[in-house]
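Have a look at the structure below, then the notes.
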Amino acid sequence: MPEKPKIGFYWCGSCGGCEESVVDLALDLLVVVDAVDIVFFPVGMDFKREDVEALPDGAMAACFINGCIRTSEQEEMSALLRQKSQNLIAYGACATSGGIPGLANQFTKEQILRFVYETSPSTHNEAGVRPQVASQDAGHALTIPALRDRVRALDQVVDVDYYLPGCPPTPELLKNAVLALLNGQLPEKGSVLAPDVALCDQCRRKDTKPTELKYTEFIRPHLVKADPNTCFLAQGIVCMGPSTRSGCGALCIEGNMPCSGCFGATSRVRDQGAKMLSTLAASVTADNRDDAERILAGIPDPVGTFYRYSLPHSLLRGSTANLPKSTRNGGSRP
Ligand code: SF4
Ligand code: SF4
3 MPEKPKIGFY WCGSCGGCEE SVVDLALDLL VVVDAVDIVF FPVGMDFKRE
53 DVEALPDGAM AACFINGCIR TSEQEEMSAL LRQKSQNLIA YGACATSGGI
103 PGLANQFTKE QILRFVYETS PSTHNEAGVR PQVASQDAGH ALTIPALRDR
153 VRALDQVVDV DYYLPGCPPT PELLKNAVLA LLNGQLPEKG SVLAPDVALC
203 DQCRRKDTKP TELKYTEFIR PHLVKADPNT CFLAQGIVCM GPSTRSGCGA
253 LCIEGNMPCS GCFGATSRVR DQGAKMLSTL AASVTADNRD DAERILAGIP
303 DPVGTFYRYS LPHSLLRGST ANLPKSTRNG GSRP
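Right, dumping it as structure tokens:
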């Protein structure tokens, strides 16, 4: 019997939702499991790092890595899995563009550690003890991974072949990616494995989207019961659909929640957040500065709104371009 293609799944700085989406394949999981040999999947099966190290280089047809890169261990595992895989696939928004953990790049590592271990309201730590990379306990040497200065996307650490966006990607996208891999139908290297059109193009509310936007106020979605058949932008609610890639099936829109942008930008948009920010800011109709500030106060967290999933990859900040070369390791995108 011919050997089945080997594939792996790994999580870095992850909430577990991407791993859950693999399980969400439901009955299709049996199809995938039947067609491939899963050789690494720490969440679901008892494999160790040594098992991966023992594989020949390029032994895996593909490895799907989810989660962002924040620690030395995540760097090491990404490099190891890169070495052992013919195709490395950034799986989910965190691996693709930094994701929600990337919002931490608004703060320095010192600010984060001080808050978490010393000043947060629920912390009692008079001695100011913080985790140490190396320590001793009862005569035993203990080590933990080092926390890096910034959150990075996978391709800011290792070379990535393909991107599967979403928070998390839909099971259908995963199934299609595995089938394309098995059938030798993967597109050119560097491709995002989701349609290259904006979500608005596939949204059933698109006919109610205003051709000209004019805002005298922005409304936060939890403060109103949105009309389920009208474009959110027409209701004064920020929806990232115009600057976000489709492929999710408009799940949030169908749940009467605006798009928050987890599929990232289309190939024609360099900076997802800047594109949406400039579109909306240009549509603010204010008589004076105070009026403009009142209107913009309706978006109290602009970074979390426009860069919720993409700050490490954005033009504004979060790029590794300003970091010393020793902390970078190639990558196909800046
Ligand atoms: S992309 Fe979303 S679901 Fe996946 S690890 Fe990141 S936060 Fe979790
Ligand atoms: S802005 Fe949002 S609600 Fe409006 S058409 Fe686009 S995706 Fe649909």
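Note that the numbering used here gives residue 203 to position 201 of the sequence shown, counting from 1, and the numbers run on in steps of one. Glycine included, each C-beta is placed from N, C-alpha and C at the ideal position. Quick caveat, the model's predicted, so the values are computed rather than measured.
- The Cβ neighbour count for His-126, taken over all protein chains shown within 10 Å, is under 16; the residue is labelled exposed.
- In the DSSP assignment, Ala-140 falls outside any alpha helix (DSSP H) and carries neither an H nor an E.
- Taking the Cα positions, Pro-123 is about 14 Å away from Leu-115.
- Considering only Gln-134, Ala-267, Asn-258, Leu-156, the residue with the shortest C-alpha distance to Pro-197 is Ala-267.
- At the C-beta level, Thr-232 and Thr-246 stay beyond 7 Å of one another.
- A straight-line Cα-Cα distance of about 12 Å links Cys-241 and Gln-274.
- For Val-135, the closest alpha carbon among the candidates Glu-128, Thr-121, Arg-150 is that of Arg-150.
- In the three-state reduction of the DSSP assignment, Val-162 falls in the coil class, being assigned neither a helical nor a strand state.
- When C-alpha distances from Asn-290 are compared across Leu-318, Thr-218, Ala-228, the shortest belongs to Thr-218.
- The alpha-carbon of Val-162 is positioned some 13 Å away from that of Lys-86.
- Setting aside the 5 residues that flank it on each side, Pro-170 is surrounded in the same chain by Gly-19, Cys-20, Ser-23, Gly-94, each with a C-beta closer than 6 Å to its C-beta; the list follows chain order.
- Here the segment 64-75 makes contact with the segment 88-108; the two share three or more CB pairs at distances below 8 Å.
- When DSSP states are grouped into helix, strand and coil, Arg-51 belongs to the helix group.
- In the three-state reduction of the DSSP assignment, Phe-117 falls in the helix class.
- Following the DSSP letters along the chain, one finds Gly-10 inside the beta strand (DSSP E) bounded by residues 8-13.
- DSSP lists Ala-64 as the beta-bridge partner residues of Asn-89.
- The Cβ atoms of Ile-40 and Ala-64 do not sit closer than 7 Å to each other.
- Counting only unbroken stretches of 4 or more residues, the alpha helix (DSSP H) elements lying wholly within the segment 227-267 are 253-256, in sequence order.
- Under the three-pair Cβ rule at 8 Å, the segment 281-301 does not count as touching the segment 129-144.
- Taking C-beta separations shorter than 7 Å and ignoring five residues to either side along the sequence, the partners of Lys-216 in its chain run Ser-285, Thr-287, following chain order.
- Secondary structure of Asp-151 (DSSP, three-state): strand.
- Annotation for Thr-98: the continuous alpha helix (DSSP H) segment containing it runs 95-99.
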